[in-house]
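As given, the protein sequences belong to chains A and B, one line each in that order.
Quick note on numbering: my numbering labels position 6 of the first sequence as 21, and the sequence is numbered without any gaps.
Quick note on numbering: my numbering labels position 52 of the second sequence as 43, and the sequence is numbered without any gaps.
Working notes for the structure below.
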Amino acid sequence: DQQVKQNSPSLSVQEGRISILNCDYTNSMFDYFLWYKKYPAEGPTFLISISSIKDKNEDGRFTVFLNKSAKHLSLHIVPSQPGDSAVYFCAAGTKTSYDKVIFGPGTSLSVIP
Amino acid sequence: NAGVTQTPKFQVLKTGQSMTLQCAQDMNHNSMYWYRQDPGMGLRLIYYSASEGTTDKGEVPNGYNVSRLNKREFSLRLESAAPSQTSVYFCASRLGYNEQFFGPGTRLTVL
C-alpha cells in the first residue's frame, strides 16, 4: 500500500499560468515533506520542503501548502515556465527515522510555450 | 565539486551474473543511500548507511548487498542478477536532516 500518493501521472499547463501538483499521504506520523524535481537522464534535485508544524512554505516561484487534517500537500508553481517541465516527486519522512524517506510515484509536468 | 557520482551509467547483464554499482560523494556527507526507480513506483530505498561503518536495510533489500567502503564511497552489489532487478538505480547522500543529493543514475537491464 503506497504511503505517499500522487494521483495525477501527468499535467499540462500553459506557460505563465499556475501549476498545481498534488500529493496525499496515509501515515499520520510523517512530520516533514519534500518535493524533488527530475529531468530525464538526471538524478532528482531538491526543490522545497515543509515541516508539519507549518502549513505553507515559499521559495521564489514555488510554494508548498500542507493540510494535515486532510493528509494532503500541494506544490504551486507561479508563473510556470517551459524549464519547469520535469517529473515532480513528493516525499515524506519522520524525524525519528529520517533516513527512510518515502517517495510518491511522481507527476510529469509539461509546460507548453 | 563533482557532488555524487555513479558508475557505470548503463549496464546490461544476463540472469545470474553479478556486478557492483559504484557511488562516491565529495561533500563530506555522513549518510548515503541506494534507491531504485521503476515506472509508476517512485524511488524505493534499497539500503542506506547513516555513517561510515554502518549499513541498514531499506524497503526493498532482497537480492542486494552494500558496502560503505569509507565516508566517500557506498557500493551496491547484485550477486546473482534477476530480470526483476531491471531498473534505474540512484545513489544519494545527505548531511544531517537536510535534503538528499542524488547522482545521475545507473540504468541496469537484466536479460
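The C-beta atom is built at its ideal place from N, Cα and C for all residues, glycine as well.
In this structure, the alpha-carbon of S40/B lies about 12 Å from that of C14/B. Note on geometry: alpha-carbon atoms of L102/B and L67/B lie some 19 Å from one another. Under the DSSP definition of a beta bridge, N72/A partners with V79/A. Boundaries of the beta strand (DSSP E) harbouring R85/B: 78 to 85, taken from the DSSP string. The alpha carbon of P59/A has as its nearest neighbour, out of F48/A, A101/A, C38/A, the alpha carbon of A101/A.
Close to S22/B, with beta-carbon spacing below 8 Å, are these residues of chain A in chain order: D114. A check of alpha carbon separations from Q(-3)/B across T100/B, F65/B, D47/B identifies F65/B as the nearest. Taking a Cβ-Cβ cut-off of 7 Å, the neighbours of G49/B in chain A comprise K115, given in sequence order. Here the C-alpha atom of N(-8)/B lies approximately 31 Å from the C-alpha atom of M32/B.
Excluding residues up to 5 positions away in sequence, G31 lie with their Cβ nearer than 6 Å to the Cβ of P94/A in the same chain.
Scanning its chain for C-beta atoms nearer than 8 Å, with the 5 sequence neighbours on each side dropped, one finds around F92/B the residues G(-6), V(-5), Q16, M18, H20, A83, S84, R85, in chain order.
Per DSSP, the unbroken beta strand (DSSP E) holding A15/B starts and ends at 10 to 16.
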